[in-house]
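To keep things clear, I will list the structure first and then write my remarks on it.
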Amino acid sequence: MVLNWTPEVIVEIFTSAITLLATLLMYITPRTKNIKSLSYIRLGLFFMGMLFTLDLLANLFLITLLSRISGLMLLPSAVFFAIGINYTIKETSNSPFLIIVVGLGVLYCFLAFQPGAVGFEFAGGFLNMNWIGLYEAVGSFFIFFVGSASFYWGLKTWLNAPFLIKREALIFFIGTVINGPLTLIIYLFYYWNPIFILFAYATTGLGNLIVCLGILREPKLLYILPFTVNRIVVRDREGNPLFDHDWSRSNLSESIFTGFLNAVQLMSEEVINMGGLLDIKLEEGILTLYESELISVGLVASKYSKLLRECVVQFTRDFEQKFERELKKQVKDIAQYEGAFKLIEKYFSNFPYKNIKSKKQPLLLAGKFAKIPLEIENKLNNIFTDEKEYQAIKIELLKSPLGLSSEFFTLYNDLLDETKRISEEKVQYMIEDTDLDKLN
């Protein structure tokens, strides 16, 4: 059997391989595999990869049925992209565009198996199998829908990205520009000269790869638009603060915030006393309260979110389990609960520090459990040999403005040099003084 090797087949091998590989990476990477909105986007990418795979096989073996089925892959791809992007932007799957896509999908499935839906065409001296007529027109709509939705998503993400992940958001946006407007413009030229379909396939694969790499590098990009997480506080059932984490340094003091929670508990005790969840709408956000057997947890965010409610419940249960001994002994020392920063990393690590606007603004990280560069950690260990002193300095550095660590070490080196200079001058003075005594 003679295979119909054409430039289109070769380019589609590249595009399908890149798209399916990017999809696989997002399924197996721990930081992204359990994100709900991304699960739909991964499915959209998978069906897009299958589109190119089936199309290249149709052209390679000249099988019309595979060409018809490859076109149908556009429908689930568009549907899952629409759901995933909607969920990312609005935390809901519903939208008018989704209804339009599903409605056209019924017509598209009908057209796929009508006579004349696909046909053979010569382009550049090569025989290719293409969609024809109304089937091609509806398929082109799905292509433009996916490209436009991707660009809209990338643009909103980049514009709303917080300072700390602005660079990653730009990379992500560039990917959506490549597989969105750039690919669509090149695709339009296909109707003038079929050779341009090769470039459209190539930019689609490249754009998909950049988008996926952006998400893999920084999953927080998927949580920029729906809401902002501001602060979480844990206290015992007597109202004593045990743990406090602020996603940026706020003007609301811990005592005021804890007092506010105490007042809320008195007003809503009958509702949440038996381990329930309560959402209280604030002027510029929402307070989610959860009461367990031993602790109360309050989280302030910009808007209501099912995902955040689940995170609060899971965080509370793990906090109780992790510090069960301290809680039952009614330990009030906040330092004993510093290990809860590990739970912040576990349940809230994907939510960005949106309130940080510049490098000069303080950033509160995960206490002694936050990661710092190995070079800096080694320097700190050399300077501070006492473990308690080392941990205290480390926490203070992590709570300081970004870049302060370099200034700290510069100052330390300057002081060290000055100390050596003073010591050398003192030694020299003692030698000179000794020489004078001998002369006398």
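For this note's numbering, add 771 to where a residue sits in the sequence shown, where the first one is 1.
Yeah, the Cβ is synthetic: ideal placement off N, Cα and C, and Gly gets one too.
Since the structure is predicted, the reported quantities are computational estimates derived from the model, not experimental observations.
Tell me the DSSP secondary structure of glutamate 1062 in three-state form.
strand
Would you identify the three-state DSSP class for lysine 1139, choosing helix, strand or coil?
Here lysine 1139 scores only 41 on pLDDT, less than 50, and its place in the model is too uncertain to base an answer on.
Give the straight-line distance between the Cα atoms of asparagine 857 and phenylalanine 1086, rounded to the nearest whole angstrom.
27 Å
Taking one C-beta from the segment 833-841 and one from the segment 809-818 each time, how about it: are there three or more such pairs within less than 8 Å?
no
Leaving aside the five residues before and after serine 841 along the sequence, list all residues of the same chain whose C-beta is less than 7 Å from its C-beta, in chain order.
Leu822, Leu825, Asp826, Ala829
Quick check: the Cα distance between leucine 1114 and valine 1004, rounded to an integer number of angstroms?
Rounded to whole angstroms, the separation of the alpha carbons of valine 1004 and leucine 1114 is 13 Å.
8 Å Cβ cutoff met for leucine 918 and phenylalanine 785:
For the sequence presented, residue 918 should be read as glycine rather than leucine. For glycine 918 and phenylalanine 785, no; Cβs fall outside 8 Å.
Quick check on the DSSP output: the beta strand (DSSP E) that includes isoleucine 1051 runs from which residue to which?
Its beta strand (DSSP E) spans residues 1048-1053.
Helix, strand or coil at proline 1219 according to DSSP, with G and I counted as helix:
In the structure as shown, the chain begins at 772 and stops at 1211. Residue 1219 is therefore absent and cannot be evaluated.
Who does arginine 839 pair with in a DSSP beta bridge?
Looking at the DSSP assignment, arginine 839 forms no beta bridge with any residue, so it has no partner.
Best match in Leu984, Leu955, Phe881 for proximity to arginine 839 [C-alpha to C-alpha]:
Phe881
Look at the alpha carbon of asparagine 899 and the alpha carbon of alanine 853, and state the distance between them as a whole number of angstroms.
30 Å
State the DSSP-derived secondary structure class of asparagine 901, mapped to helix, strand or coil.
strand
Does the segment 922-929 touch the segment 939-957, meaning 3 or more C-beta pairs lie closer than 8 Å?
yes
Kindly indicate which residue of Gly855, Phe912, Ala894 has the alpha-carbon position closest to the one of valine 872.
When each option's Cα is compared against that of valine 872, the closest is Phe912.
Taking its Cβ as the centre, do 16 or more other Cβ atoms sit within 10 Å of alanine 1106, making it buried, or is it exposed?
With fewer than 16 Cβ atoms within 10 Å of its Cβ, alanine 1106 is classed as exposed.
Excluding five sequence neighbours on each side, which residues of the same chain lie with their C-beta closer than 6 Å to the C-beta of phenylalanine 1214?
In this structure the chain extends from 772 to 1211, so residue 1214 is not present and cannot be described.
Rounded separation between glycine 946 and tyrosine 972 - CA only:
14 Å
Determine the direct distance from the alpha carbon of glutamine 1101 to that of leucine 983, and round the result to whole angstroms.
Reading off the sequence shown, one finds cysteine at residue 983, where the question assumed leucine. Approximately 47 Å between the Cα atoms of the pair.
Can you give me the C-alpha to C-alpha distance between isoleucine 914 and glycine 874, rounded to a whole angstrom?
16 Å
Tyrosine 811: which of Gly855, Gly887, Asp1104, Val1000 sits nearest, CA to CA?
Gly855
Out of Tyr962, Gly887, Leu1065, Lys1117, which has the shortest C-alpha to C-alpha gap to arginine 1096?
Leu1065
Please tell me whether threonine 1059 and leucine 1078 are closer than 8 Å, where the distance is taken between their beta carbons.
No, the Cβ-Cβ distance between threonine 1059 and leucine 1078 is not below 8 Å.
Same chain only: Cβ atoms within 6 Å of glycine 890, ignoring 5 sequence neighbours per side:
Ile903
As a quick exercise: from Ser848, Asn865, Leu969, pick the residue whose alpha carbon is nearest that of alanine 894.
Leu969
Residues bridged to aspartate 1017 [DSSP beta-bridge criterion]:
Arg1002
Distance CB(leucine 846)-CB(glycine 876) smaller than 8 Å
yes
From Lys1099, Gly1056, Lys1117, Lys1074, pick the residue whose C-alpha is nearest to that of valine 1084; which is it?
Lys1117
Just the C-alpha distance for threonine 790 and leucine 980, rounded to the nearest angstrom, thanks.
When only Cα atoms are considered, threonine 790 and leucine 980 end up about 7 Å apart.
Since isoleucine 995 and threonine 928 are thought to touch, with beta carbons under 8 Å apart, how far apart are those beta carbons, to the nearest angstrom?
6 Å between Cβ atoms; contact.
Nearest-angstrom Cα separation, counted from alanine 849 out to proline 965:
Distance between the alpha carbons of proline 965 and alanine 849 is about 24 Å.
Coil, strand or helix - alanine 894 by DSSP:
strand
Could you tell me which residues DSSP puts in a beta bridge with leucine 1069?
Note that residue 1069 is glycine in the sequence shown here, rather than leucine. Beta-bridge pairing links glycine 1069 to Val1004, Leu1060.
By the three-class DSSP mapping on this structure, what secondary structure does valine 773 have?
Coil at valine 773, not helix or strand.
Taking aspartate 1104 as part of the alpha helix (DSSP H), name the residues at either end of that continuous run.
Taken as a continuous stretch (DSSP letters only), aspartate 1104 belongs to no alpha helix (DSSP H), as it is neither H nor E.
Status (buried if at least 16 other CB within 10 Å, exposed otherwise) for asparagine 865
exposed
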